Amino acid sequence: MNEILEILSENAKATPSEIAALLGMSEADVAREISELEEAGVIRKYVTLINWEKLDNSFVFAVLELKVALQRKTGYDAVAERIARFSEVDSVRLISGDHDLSVTVRGKSMKDIAYFVAEKIAPLEGVQSTCTHFILKSYKENGVILTDKPKPKRLVVTP
Amino acid sequence: MKQSLKNLPAWNANTHLNQVVKAMPPSGIRKFFDLVSEMEGAISLGVGEPDFVTPWHVREACIYSLESGNTHYTSNKGMPELREAICDQVRKDLGLDYDPVEQILITTGVSEAVDLAFRATLNPGDEAIVPEPCYVAYAPDIVLTGGVPKPIPTRLEDEFRLQPEEIAKGLTDETRAVLLSYPNNPTGAIMTRADLEDLADVVVENDLLVISDEVYAKLSYSGSHASFAQLEGMQDRTLILNGLSKSHAMTGWRIGYALGDPALVGAMTKIHQYTMLCAPTMAQVAALEALEKGDQEMLHMRHEYDLRRRLFVSGLNRIGLDCFEPRGAFYAFPSVQAWKLSSEEFAERLLREQKVAVVPGNVFGQSGEGFLRCSYATSREELIEALDRIETFLSGL
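Same order as they appear, the protein sequences are chains Z and S.
Going by the working numbering, 34 is the number at position 34 of the first sequence; the sequence numbering is gapless.
One gets the working numbering by counting positions in the second sequence from 1 and adding 1000 to each.
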């Protein structure tokens, strides 16, 4: 895998000069490669991983499982892209198994999400059924364990 | 108490100590340990172990094994499955065959293997050549056997690789063995196959045993690790010592091993069975898991060390602390000779003034004077902060 991407996927704040030092490259080369990756759409956005559960009145998240009728020519794409345009929707994925689309939704409350699904998603042409799973607690997100305990200590000086 | 015993001298433990142990100086690292321990906000580059916690699948396998009640002794030599797994690994890594029954001993850390190697091979008065700077345990272990450590220098201009002339200079009629420890703690130096080949003549002409501590072998950053045992005809006279502490972030588990001639390994096994009996069973189970399923995590950790190595070594050179490129282990060994301070003065002032702990090079032998051992087995953020602090320190010198 591209080493620059690997570093940025761990830390979006890594600067070209830091990345250059880690990889033994010049800063200019790193900066150029990053803008190429941005232009090619490989890098889409630099985001912050937030543990929303630490905040009061934060968001409610749900995973929707949708069964979708395949459409001539457009397959799943047309309905998936329609769903993706809603700002309440965090992710839309075509999955294997019992269901067709897995959709994560963010809302202010369970009621908000329930209404959103009932009013916006379920009635869509092609959506045959929906099943809403509210997320109760998040243990790990994007490779980061959210419930981690403090790191065990090493001796400060050893041979 | 009987009246007659009352006027005898009081108990004094010092009169009951072994003379060799009594004469042994304490480790030079101790002083820095004490200083750093009581300091708030210090960054320690003085730690000779991975900052990674042992991968979860390894810990989980050990927990499961304990739950299953796997708490008995193993065979003296270690679990047969583990011995076989190690022999398989060594065949893959070095292309060498070792018999898992006769030619391997699982030890309680490489430390035990080092001790056993000297005890099994040196008679009182026998000399072993110890290239310095090196890990602090070799010389004391030799002294404890009644042997005589013969320190010989390695130098910056040779990138701290052992030179055959230096071995020759250290030879006497009593020389029995030469120690190799590459990739090296504290310098980070490695020896390539060609470098090792240069040593073969002097080793064979003088019928020396080669004791090769290869615990950092997996942490080689330019090409794969070379072992003296791989040279033509050298496998039998080389005793390979290795373990999982550094490669798999398993320091606290204490699992090492020795590979070599059946007679040598057999002699070490005799001592091991009377002193250790066997390496801890739960740690052996964990080691087996690490060897069988731990490659991905091991490679990930090595990659991370490599990134930090580039970051840190280029950083040291940028701020004016000259450092040759270490190609193995997780240490940088910059020179402080430009500042007319001893390693120890430099390290102590750096710690007191900027709260960065490093280990003065002289701790690892006389030829380490003028250098500092900096471990980069710590987070990138800490390394960057440490570089800033060292730069500030240098500007005030």
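Glycine included, C-beta positions come from ideal geometry on N, C-alpha and C.
All of these numbers come straight from a predicted model, not from anything done at the bench.
In three-state DSSP terms, what is residue i?
i         : result
S:Tyr1064 : helix
S:Arg1176 : strand
S:Gly1170 : helix
Z:Thr158  : coil
Z:Val103  : strand
S:Thr1251 : helix
S:Glu1084 : helix
S:Val1417 : Past the edges of chain S, shown from 1001 to 1397, lies residue 1417 of chain S, and the structure says nothing about it.
Z:Ser91   : strand
S:Thr1392 : helix
S:Thr1107 : strand
Z:Ser129  : strand
S:Phe1118 : helix
S:Pro1009 : coil
Z:Ser138  : coil
S:Phe946  : Outside the shown range of chain S, which is 1001 to 1397, sits residue 946 of chain S, and nothing can be said about it.
S:Gly1266 : helix
S:Ser1220 : strand
Z:Ile145  : strand
S:Gly1188 : coil
Z:Gly75   : strand
Z:Lys13   : coil
Z:Tyr46   : coil
S:Ile1319 : coil
Z:Ser96   : coil
S:Gln1230 : helix
S:Asp1099 : coil
S:Ser1379 : coil
S:Arg1327 : coil
S:Thr1154 : coil
S:Ile1029 : coil
Taking only beta-carbon atoms, is residue i less than 7 Å away from chain Z?
i         : result
S:Leu1316 : no
S:Leu1264 : no
S:Arg1310 : yes
S:Leu1307 : yes
S:Val1136 : yes
What does residue i touch in chain S if you count any residue whose Cβ is under 7 Å from its own?
i        : result
Z:Val157 : Ile1029, Phe1032, Phe1033, Val1036, Ser1044, Gly1046, Val1047, Ala1357 and Val1359
Determine the chain Z residues that contact residue i at a beta-carbon separation under 8 Å, and present them in chain order.
i         : result
S:Val1053 : Lys151 and Pro152
Report back the beta-carbon spacing between residue i and residue j to the nearest angstrom; my notes put them in contact at under 8 Å.
i         : j         : result
S:Leu1105 : S:Met1268 : 5 Å
S:Phe1032 : S:Ala1357 : 6 Å
Z:Ile113  : Z:Ala62   : 5 Å
Z:Ala21   : S:Ser1075 : With a Cβ gap of about 49 Å, Z:Ala21 and S:Ser1075 do not count as contacting.
S:Leu1259 : S:Val1114 : With a Cβ gap of about 14 Å, S:Leu1259 and S:Val1114 do not count as contacting.
Z:Leu101  : Z:Ala69   : About 12 Å separates the two Cβ atoms, so there is no contact after all.
S:Gln1366 : S:Arg1389 : So it is not a contact: roughly 28 Å between Cβ atoms.
S:Tyr1138 : Z:Pro159  : Going by Cβ atoms, the distance from S:Tyr1138 to Z:Pro159 rounds to 11 Å, so no, they are not a contact pair.
S:Val1210 : S:Arg1193 : Between S:Arg1193 and S:Val1210 the Cβ distance is about 14 Å, and since that is not below 8 Å, they are no contact.
S:Pro1100 : S:Arg1083 : 4 Å
S:Pro1360 : S:Leu1372 : 6 Å
Looking at the strands, I want to know which residues DSSP matches up with residue i.
i         : result
S:Asp1093 : Looking at the DSSP assignment, S:Asp1093 forms no beta bridge with any residue, so it has no partner.
S:Ile1211 : S:Leu1179 and S:Leu1239
S:Cys1374 : S:Ala1332
S:Val1359 : S:Arg1373
S:Tyr1257 : S:Ile1106 and S:Asn1242
Z:Lys67   : Z:Ser129
S:Pro1411 : Lying outside 1001 to 1397, the shown extent of chain S, residue 1411 of chain S is not represented and no answer is given.
Z:Val60   : Z:Gly107
S:Ile1043 : S:Val1356
Using a Cβ-Cβ distance under 7 Å, would residue i count as near chain S?
i        : result
Z:Ala160 : This structure gives no information on residue 160 of chain Z, because the portion of chain Z shown stretches from 1 to 159.
Using the beta-carbon of each residue, which ones in chain S are nearer than 8 Å to residue i?
i       : result
Z:Gly24 : Arg1310 and Ser1314
Comparing the C-beta of residue i with each C-beta of chain C, is any distance below 7 Å?
i       : result
Z:Glu10 : Looking for chain C here will not work: the only protein chains present are Z and S.
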